[in-house]
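S.K.:
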Amino acid sequence: MLIQVSKRRRNGSVTAMRIAADGSVIHVANSLSVSLPEACKDAAKVGSLWEVDGPTAQTTFTAGGYTIIEDHLEAHTARFVKPNTRLLETWLQRNVKGIGEVKAGRLARNPRLIEIIEERDISSLLEAGVPSRSIGPLLLEFPSDAYMAAINWLADHHLPVKLAETLSAVWREKTIAMLKENPFRLLNFDVPFELCCKIAKGLGFASDHPKYQAALAADLISQYCRATSSTLMLRPAFEKKCREMGVDFNVVLRHAMEQELIGYIRGEDGFQLEGEFLLEALTGQRLRDAILRPPGAGSSAADWECNLTVEAVTERLREFEQTIQFRLTDEQRRAVLLASSMNVFALSGGAGTGKTTILQAIVTVLERVSFGVDIFQVALSGRAAQRMVEATGRPASTIAKFCADMARKKQDQRPDHCIVVIDEASMVDLYSMHALLLHLPAATRFIFVGDVDQLPPVGGGLLFHNIMKSTFPAVELTEVKRQGAESGIHRFATAVRHQHGCIALPDYQEGVEIDCAVLRRVDPDEIGQLFQVHGGAERCAILTSMQAGEAGVGNLNMGMQRRLGFNRPVVRLVHEDGVYDYVSFTGSKFYLNDPILITKNDYDIGVRNGDLGTIVEIFDEQTEDGHLGCVKIGGRMFDLNADLLDKMSLGYAMTIHKAQGSQWENVILVLNRRATHMLDKTLLYTGATRAQKKLIVCSEDMGLVQQAVDRGSIALQRKTNLLQHLDADF
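Heads up: the sequence shown begins at 65 in my numbering, then just goes up one per residue.
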């Protein structure tokens, strides 16, 4: 059966039209829904044509009080169909904006239209009657022969056909030949090694084939780096893994190095994939070039650097100090002076050491001494970027948004000199930093602000840690200003940071004013009671290291919902087959007054990953424009709709990773034996330092705390080579 997709459904199936051999729509009483094979779902765009085969059965459902009968086809096979002359009229109507029924019919009768499209002959398309505004979308959407071949080859091999666009863009008409010549090339596109092996076997590659052996070596290193967030694998670890698999490591190494899939890092006695080597080498080179750039070089806008003096910076700093209610310490002043004077500078400091104040001072001083040069504030997470805005009163964005904004600008619209301040730099992975560097001019000054004892990047590498270890200018703040030495939170955080032995906390007692205590139970009901006693979502946060399990985010969130009751209004969505309670990707529903956590950035409406809010209103019925209620996020009101719902999770409890960069008056830190493998001093320290006034550690065994402290930082066990690149010329 030939079908054309008319709508994608939320459950993964599609609504489709039956198409006749002459390209016309076959009209029947029942509508048609189709479940395509998993590998094809991503390519099933509205307007796309498919040849499908499989059993059809009638299904019945109720929507808006009406009983609806439709035919449902469970497709066992699906082939992507390129529009030919007989199908072109239908395809044009559905895929190209600006071409309606009459115009599509006239265009489709042109026997050379497909030839003209494939030749990308714009003048001939205009002569044929294609509206000028429709030519771009037409050329973009019309599938090439290479794309067609790739999409069906991938589907035949049970691979996600969304790869077809990427592969055909890289190899064009050679796509299938390249894959047949070496199916392990798919490893570069995140296809699992086991699936590559299955395809290779079907193409006649034995397990002792040099390409198989080389790919095996590369995959071992890739898996190790993904599991440990390292960028290289040391020789002993590689040899051990090969022995466990019964593989001769010398043979696989030889083949991999001959095919230039991996390289040997002499200084580390380890092996690195080409991609990671290039990323670290380019990042190190770029930062070295920046630190060695002479004053004023690279841009006329950098002339101010030639006249910059210590006296000028000191005077501007003195002016800043007059605007705050306390005096900076000597180490804080030194940090501002270095940050204002150096092309690359790194600042690390524990919680409460004044990094936020120093950030404000640095930006203020640089604005004045540079005479208005662009200063871009960026951070990895939306919440961290928002805190930069709050701290400095100046715009900030995530690294991803900054890169996207710069990519949209023409080269002559981009600055050729700027200052970039990167906050929460310990969270920035190698890949994000490389993306940032691609969008910055050579005459860029870099300021990194973070804490080496907080959580490391989720992605690979140890960018900030290596910069702090390098010979680059850096300051580590040590004097705590937020909490005094008598603060229990400060004493506990300091003991964790410096890995003291025999860490102890007083037992929590209701009504007793102790700012840092331990509750020797992990009881969701009791945790819920503590949450409410200590101010609820406005003043308190529940932090845990796990997503799943009794002490995980999901269970704690559901427990809090249950505690507040399910007799509150619930968010409901209208679907074509009825009205249902909305269920999030985590399996939870949303009720009135639930706190929520934003999990994805949406720059169109102005919410960021990590933002916290509350559902303040739920409508009785969904409005015509799809609004379901109102959410208050960061003091602003937002319409609640399906798009925003997909970016939300419950916010009673969250992981410590999500909390990094945020603070609350009171924090309940939940530790569980099941998370022993994850607990280290950075996780514990990050969680503890989110609290401003009170910290309650919930743990059945204080031994977990000591184990985490004694383990030190798991992140520092990552194997990287960036430090060698940073210090190469020094």
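Even for Gly, the Cβ is constructed at its ideal location relative to N, Cα and C.
1. What does the alpha-carbon distance come out to for the pair Y130 and T123?
2. Do you know whose CA, among L583, R700, V437, H503, lies nearest A568's CA?
3. Under 7 Å, do I732 and L594 count as touching if we go by C-beta distance?
4. May I ask you to report which of helix, strand or coil DSSP gives E688?
5. Less than 7 Å between the beta carbons of H503 and V516, yes or no?
6. Secondary structure at Y130, three-state DSSP: helix, strand or coil?
7. Check whether the Cβ of E577 lies closer than 7 Å to any Cβ atom in chain B.
8. Measuring alpha carbon to alpha carbon, tell me which of Q611, G693, L747, A85 ends up nearest G841.
9. For G414, which of E179, V544, K109 has the nearest alpha-carbon?
10. According to the Cβ coordinates, are I662 and V671 closer than 7 Å?
11. Mind checking whether I67 and A80 have CB atoms under 7 Å apart?
12. Determine the burial state of Q441: buried for a count of at least 16 other Cβ atoms within 10 Å of its Cβ, exposed for fewer.
13. Can you give me the Cβ contacts of N407 inside the same chain, cut-off strictly under 6 Å, excluding the 5 residues immediately before and after it?
14. Please look up how many angstroms separate the CB atoms of A443 and T462, rounded, as I've assumed it's under 8 Å.
15. Between which two residues does the alpha helix (DSSP H) carrying I795 extend?
16. What's the call for I660, buried or exposed, on a 16-neighbour Cβ count within 10 Å?
17. Specify the secondary structure class of K758 as computed by DSSP and reduced to three states.
18. Could you say if the region 493 to 502 and the region 728 to 745 meet the contact criterion of at least three C-beta pairs nearer than 8 Å?
19. With three or more beta-carbon pairs closer than 8 Å as the criterion, would you say the region 317 to 333 touches the region 272 to 285?
20. Could you give the first and the last residue of the continuous beta strand (DSSP E) run that contains D703?
21. From T230 to R782, what distance separates their C-alpha atoms?
22. Any idea which residues DSSP pairs R730 with across the strands?
23. In the DSSP assignment, find the alpha helix (DSSP H) that holds L381 and state where it starts and stops.
24. Do you know whose CA, among V634, D272, G327, G310, lies nearest M297's CA?
25. Buried or exposed: where does R754 fall if 16 or more other Cβ atoms within 10 Å of its Cβ makes it buried?
26. Between the alpha carbons of M309 and M742, how many angstroms are there, rounded?
27. Do G169 and E153 have their C-beta atoms within less than 7 Å of each other?
28. What runs of the beta strand (DSSP E), each 3 residues or longer, lie entirely inside the region 70 to 126?
29. My output table needs one value for V799: the three-state DSSP class, helix, strand or coil.
30. Do G514 and T784 count as a contact pair if the criterion is CB distance below 7 Å?
31. Give the range of the beta strand (DSSP E) segment to which R143 is assigned.
32. Do the region 160 to 175 and the region 88 to 104 make contact, defined as three or more Cβ pairs closer than 8 Å?
33. Could you give the distance in angstroms between the alpha-carbon of E303 and the alpha-carbon of F313?
34. Could you spell out where the alpha helix (DSSP H) holding C289 opens and where it closes?
35. Where do the ends of the beta strand (DSSP E) carrying S434 lie?
36. Take every Cβ of the region 642 to 655, pair it with every Cβ of the region 609 to 623, and state whether three or more of those distances are shorter than 8 Å.
M.R.: Answer, in terms of the structure:
1. Position 66 of the sequence shown, counted from the start, is the residue given in the question as residue 130. Position 59 of the sequence shown, counted from the start, is the residue given in the question as residue 123. Rounded to whole angstroms, Y130 to T123 spans 14 Å at the Cα level.
2. In the sequence shown, the residue the question calls residue 568 occupies position 504. Checked all of L583, R700, V437, H503; the closest Cα to A568 is L583.
3. Here the question's residue 732 lines up with position 668 in the sequence shown. Here the question's residue 594 lines up with position 530 in the sequence shown. In contact: I732 and L594 (Cβ atoms closer than 7 Å).
4. As a working mapping, residue 688 is identified with position 624 in the sequence shown. Here E688 sits in coil by DSSP.
5. Within the sequence shown, numbered from 1, the residue matching residue 503 stands at position 439. Within the sequence shown, numbered from 1, the residue matching residue 516 stands at position 452. Contact flag unset, no.
6. Residue mapping note: residue 130 aligns to position 66 of the sequence shown, counting from 1. Reduced to three states, the DSSP call for Y130 is strand.
7. Looking for chain B here will not work: only one protein chain is present.
8. Residue 841 is absent from the structure shown; the chain starts at 65 and stops at 794.
9. If you number the sequence shown from 1, residue 414 lands on position 350. Out of E179, V544, K109, V544 has the C-alpha closest to the C-alpha of G414.
10. Taking the first residue of the sequence shown as 1, we reach residue 662 at position 598. Taking the first residue of the sequence shown as 1, we reach residue 671 at position 607. Yes, the Cβ-Cβ distance between I662 and V671 is below 7 Å.
11. Locating residue 67 in the sequence shown gives position 3, where the first residue counts as 1. Locating residue 80 in the sequence shown gives position 16, where the first residue counts as 1. Closer than 7 Å, so yes.
12. Position 377 of the sequence shown holds residue 441. Buried, because 16 or more other Cβ atoms sit within 10 Å of the Cβ of Q441.
13. Here residue 407 corresponds to residue number 343 of the sequence shown, with the count starting at 1. Cβ neighbours of N407 beyond the five flanking positions: A354, I355, R357, R509.
14. Position 379 of the sequence shown holds residue 443. Position 398 of the sequence shown holds residue 462. Correct: roughly 6 Å between the Cβ atoms.
15. Absent from the structure is residue 795, since the part of the chain shown begins at 65 and ends at 794.
16. Taking the first residue of the sequence shown as 1, we reach residue 660 at position 596. Label assigned to I660: buried.
17. Along the sequence shown, read from residue 1 onward, the residue named residue 758 stands at position 694. Looking at K758 - three-state DSSP - the assignment turns out to be strand.
18. no
19. yes
20. Walking along the sequence shown from the start, residue 703 turns up at place 639. First-last of the beta strand (DSSP E) with D703: 700 to 704.
21. Taking the first residue of the sequence shown as position 1, residue 230 is located at position 166. Taking the first residue of the sequence shown as position 1, residue 782 is located at position 718. Each residue's Cα considered, the two are about 31 Å apart.
22. Here residue 730 is taken as the residue at index 666 of the sequence shown, counted from 1. The amino acid occupying residue 730 in the given sequence is Asn; Arg does not appear at that position. C604, K758, per the DSSP bridge assignment.
23. Taking the first residue of the sequence shown as 1, we reach residue 381 at position 317. Its alpha helix (DSSP H) spans residues 374 to 385.
24. Sequence index remark: in the sequence shown, residue 297 carries index 233 (1-based). The shortest Cα separation from M297 among V634, D272, G327, G310 belongs to G327.
25. Translated into positions along the sequence shown, residue 754 becomes position 690. Looking at its Cβ environment, which holds 16 or more other Cβ atoms inside 10 Å, R754 is buried.
26. Mapped onto the sequence shown, residue 309 falls at position 245. Mapped onto the sequence shown, residue 742 falls at position 678. So the two alpha carbons sit approximately 27 Å from each other.
27. The count along the sequence shown starts at 1 and reaches residue 169 at position 105. The count along the sequence shown starts at 1 and reaches residue 153 at position 89. Yes, the Cβ-Cβ distance between G169 and E153 is below 7 Å.
28. 78 to 83, 95 to 99, 113 to 117
29. Given that the chain is displayed from residue 65 to residue 794, the structure contains no residue 799 and the question cannot be resolved.
30. Position 720 of the sequence shown, counted from the first residue, corresponds to residue 784. Position 450 of the sequence shown, counted from the first residue, corresponds to residue 514. In this structure, G514 does not lie closer than 7 Å to T784 by Cβ.
31. The residue given as residue 143 occupies position 79 in the sequence shown. Looking at the DSSP string, the run of the beta strand (DSSP E) that includes R143 is 141 to 145.
32. no
33. Residue numbering aside, residue 303 sits at position 239 when the sequence shown is read from its first letter. Residue numbering aside, residue 313 sits at position 249 when the sequence shown is read from its first letter. Cα-Cα distance, rounded: 6 Å.
34. Reading the sequence shown from its first residue, position 225 is the one you call residue 289. It spans 274 to 292 - the alpha helix (DSSP H) in which C289 sits, taken as one unbroken run.
35. As a working mapping, residue 434 is identified with position 370 in the sequence shown. From DSSP, S434 is part of no beta strand (DSSP E); its letter is neither H nor E.
36. yes
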